[in-house]
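Undergrad: This is the structure I have questions about; it appears just below.
Numbering (the UniProt record's numbering), first residue to last: 1 to 369.
Here you go:
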């Protein structure tokens, strides 16, 4: 991935919200009062005070997206209980189930309740700029509206021959990538799908197949047809360590080069992806080139959670009808869109159209950016 594209991944939620907020030191709240609620999208400097789950916390140094009290995060100092020492009360379930439909891109405050496209209700655990409730499970939780919502259920497989339910069969996958590296297994891809259950499972069959084709077309372009597992220009390897990050580069100066289906690069991207997936990729970046499922998960992480230089995630672009061209913008728009590199854009479009033919679905409109 290009530096311009990758640098935009540093502020995951902030990119979706439109700006990165930086909070400086603030006067600590009194013992009886809670400081402003912690927000994963905010960058905090040393001395900043927040509240989280009924307790106040103070940042020891710069931090972003490190949960107060988490075992892996030593950045937050516990300042004790606030607001009576208990977490804010949860709003009661509504017996009328009259909550509004969820809408991507709408800002939701913690406590908001929405009806998702699957007909189920979800409550925002944390403020968020319209993240998908079945993908961003840290921000949303199933809500028993009137006691009738048991939470998300697994939809029946779209492809009956594949228990994973993926809309692309193994035969179709092999047809798409006849010269692929043996590392990129179909089994690895389907094993990774559980990390983002909304991927290629949102909307009708046409939308599901279009999203799968769009994802695989962009991956095809990034890896030369799933041929390259690691970045080919070794001269760049030492450039991907951003020493300004407080966690540094524990795996080494040259350890964060491009790997996997989206050629994940830079120490901050390895950390962000690893945090999201529950794998310490900052310390073990080689997992992206040795474990096929993890490699595919990093690609799905970018697709489902990152806006890059665009205005939305590629997933939201496809499920909300913005078209394939918007996915190009989110992945490499700063270098390719707006006439900057029409040949590269056309290469992605050609792959997408070929893959939709294999899946027997129309490509839809808005193919270019």
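Yeah, the Cβ is synthetic: ideal placement off N, Cα and C, and Gly gets one too. None of these values were measured; they are calculated from a predicted model.
By the 10 Å Cβ neighbour count, where 16 or more other Cβ atoms means buried, how is residue 107 classified, buried or exposed?
TA: Indexing the chain shown from 1 puts residue 107 at position 107. Exposed.
Undergrad: Given residue 247, which residues of its chain have a CB within under 8 angstroms of its CB, disregarding the five upstream and five downstream residues?
TA: Here the question's residue 247 lines up with position 247 in the chain shown. Around residue 247: 267, 271, 282.
Undergrad: Enumerate in chain order the residues of its own chain whose CB-to-CB distance from residue 358 is below 7 angstroms, with the five nearest sequence positions on each side excluded.
TA: Translated into the one-based positions of the chain shown, residue 358 becomes position 358. Hits under 7 angstroms: 172, 175, 176.
Undergrad: With DSSP run on the structure shown, which of helix, strand or coil describes residue 26?
TA: Here residue 26 refers to the residue found at position 26 when the chain shown is read from its first residue. Here the model assigns residue 26 a pLDDT of 44, short of 50, so the residue's position is not dependable and the matter cannot be decided.
Undergrad: Let me know the secondary structure DSSP gives residue 36 once reduced to three states.
TA: As a working mapping, residue 36 is identified with position 36 in the chain shown. Here residue 36 sits in coil by DSSP.
Undergrad: Using 8 angstroms for Cβ pairs, my map puts residue 111 next to residue 82. What's the rounded Cβ distance?
TA: As a working mapping, residue 111 is identified with position 111 in the chain shown. As a working mapping, residue 82 is identified with position 82 in the chain shown. Not quite, the Cβ-Cβ distance comes to about 18 angstroms (not below 8 angstroms), so this is no contact.
Undergrad: Using CA atoms only, rank isn't needed, just tell me which of 318, 97, 351, 258 is closest to residue 201.
TA: As a position in the chain shown, residue 201 is number 201, starting the count at 1. Measuring from the Cα of residue 201, the nearest candidate turns out to be 318.
Undergrad: Check for me: the alpha helix (DSSP H) holding residue 333 runs from which residue to which?
TA: Within the chain shown, numbered from 1, the residue matching residue 333 stands at position 333. Note, residue 333: alpha helix (DSSP H), 324 to 336.
Undergrad: Go through its chain and collect everything with a Cβ distance to residue 363's Cβ below 8 angstroms, but skip five positions before and after it.
TA: Locating residue 363 in the chain shown gives position 363, where the first residue counts as 1. Excluding sequence neighbours, residue 363 sits near 210, 213, 324, 352, 353, 356.
Undergrad: Straight-line CA distance for residue 284 to residue 97?
TA: Taking the first residue of the chain shown as position 1, residue 284 is located at position 284. Taking the first residue of the chain shown as position 1, residue 97 is located at position 97. Straight-line Cα distance between these residues: approximately 46 angstroms.
Undergrad: Whole angstroms are fine: how far does the CA of residue 345 sit from the CA of residue 310?
TA: In the chain shown, the residue the question calls residue 310 occupies position 310. In the chain shown, the residue the question calls residue 345 occupies position 345. Distance between the alpha carbons of residue 310 and residue 345: 15 angstroms.
Undergrad: Would you call the CB atoms of residue 300 and residue 215 closer than 9 angstroms?
TA: Along the chain shown, read from residue 1 onward, the residue named residue 300 stands at position 300. Along the chain shown, read from residue 1 onward, the residue named residue 215 stands at position 215. Cβ distance < 9 angstroms, so residue 300 and residue 215 count as in contact.
Undergrad: Can you give the Cα-Cα distance for residue 186 and residue 229, rounded to whole angstroms?
TA: Counting from one through the chain shown, the residue named residue 186 turns up at place 186. Counting from one through the chain shown, the residue named residue 229 turns up at place 229. Each residue's alpha carbon lies about 15 angstroms from the other.
Undergrad: For the candidate residues 236, 203, 191, whose alpha-carbon lies nearest to that of residue 134?
TA: Within the chain shown, the letter at position 134 stands for residue 134. Taking only the C-alpha atoms, the option nearest residue 134 is 203.
Undergrad: Assuming residue 304 is part of the alpha helix (DSSP H), what are its boundary residues?
TA: As a first step, residue 304 is located in the chain shown; it is residue number 304 there, counting from the start. Start and end: 292 to 305.
Undergrad: Residue 220 and residue 327: beta carbons closer than 9 angstroms?
TA: Translated into positions along the chain shown, residue 220 becomes position 220. Translated into positions along the chain shown, residue 327 becomes position 327. No, they are not a contact pair.
Undergrad: I need the DSSP call for residue 187, collapsed to helix, strand or coil.
TA: Here residue 187 refers to the residue found at position 187 when the chain shown is read from its first residue. Three-state DSSP puts residue 187 in a helix.
Undergrad: What are the residues that DSSP puts in a beta bridge with residue 77?
TA: Locating residue 77 in the chain shown gives position 77, counting from the first residue. Note: residue 77 sits in a beta bridge opposite 58.
Undergrad: Entirely within the segment 238 to 288 and at least 4 residues each: give me those alpha helix (DSSP H) ranges in chain order.
TA: Counting whole runs of 4 or more residues, the segment 238 to 288 contains the alpha helix (DSSP H) stretches 267 to 277.
Undergrad: How many Å lie between residue 205 and residue 103 at the Cα?
TA: What you label residue 205 is simply residue 205 of the chain shown in a count that begins at 1. What you label residue 103 is simply residue 103 of the chain shown in a count that begins at 1. Whole-angstrom Cα-Cα distance: 20 angstroms.
Undergrad: Do the CB positions of residue 113 and residue 99 come within less than 9 angstroms of each other?
TA: Within the chain shown, numbered from 1, the residue matching residue 113 stands at position 113. Within the chain shown, numbered from 1, the residue matching residue 99 stands at position 99. The answer is yes: Cβ separation under 9 angstroms.
Undergrad: Three-state secondary structure (DSSP) at residue 142?
TA: Within the chain shown, residue 142 is the residue found at index 142, counting from 1. Three-state result, residue 142: strand.
Undergrad: Going by DSSP in three states, residue 233 sits in which element: helix, strand or coil?
TA: Here residue 233 is taken as the residue at index 233 of the chain shown, counted from 1. Correct three-state label for residue 233: coil.
Undergrad: Using C-beta distances below 7 angstroms, list every residue in its chain close to residue 179, excluding the 5 sequence neighbours before and after it, in chain order.
TA: Taking the first residue of the chain shown as position 1, residue 179 is located at position 179. Closer than 7 angstroms at the Cβ level, and outside the excluded window around residue 179, lie 225, 227.
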